[in-house]
Structure formats: structure tokens, C-alpha cells
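Asks: If you count the sequence shown from 1, you need to add 124 to reach my numbering.
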Amino acid sequence: MPQLDTSTWFIMIMSMFLVLFIIFQLKISKHSFYFNPEPMLTKTQKQNIPWETKWTKIYLPLLLPQ
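1. Could you check where the alpha helix (DSSP H) with LEU150 kicks off and where it finishes?
2. Compute the Euclidean distance between the alpha carbons of SER153 and LEU144, then round it to the nearest angstrom.
3. Would you tell me roughly how many angstroms separate the C-alpha atoms of GLU162 and LEU142, rounded to the nearest one?
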């Protein structure tokens, strides 16, 4: 049974990392980013929820004097 030749593995792995690094650098360098990002002001719509305006029995025991 022949032996597995692993002498070139290190060179192959290092060259793969180098190529991947170069590819990612090229991909990232093509993106354009905003220089001064500012938060957008969004308007939130107030929804009328029935239990916000009602007085329910859930709140009553907490407000009673002890």
C-alpha cells in the first residue's frame, strides 16, 4: 500500500489562504461606504390597543393600600 505524500500540503494550504485573502480584499475594496452615516428618522404609528385605555381588574390589587 503506497504512502500518502504530504510534503506539498503546507504549500497548498498556505497558497489557498493567500488567494482567499486576496479575493476577499478585492471584493471588499469594490464596495463604497458612506462617510458620515446619519440615522434615519422614522415615524412610528401609534396603534389604538383596547387594553391601554381600559381599566382592568389586573391593575386594581397593586393600587390598593396595604
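All C-beta atoms in this analysis are idealised placements derived from N, C-alpha and C, irrespective of residue type, glycine included.
Replies: The relevant details are as follows:
1. 133-153
2. 14 Å
3. 36 Å
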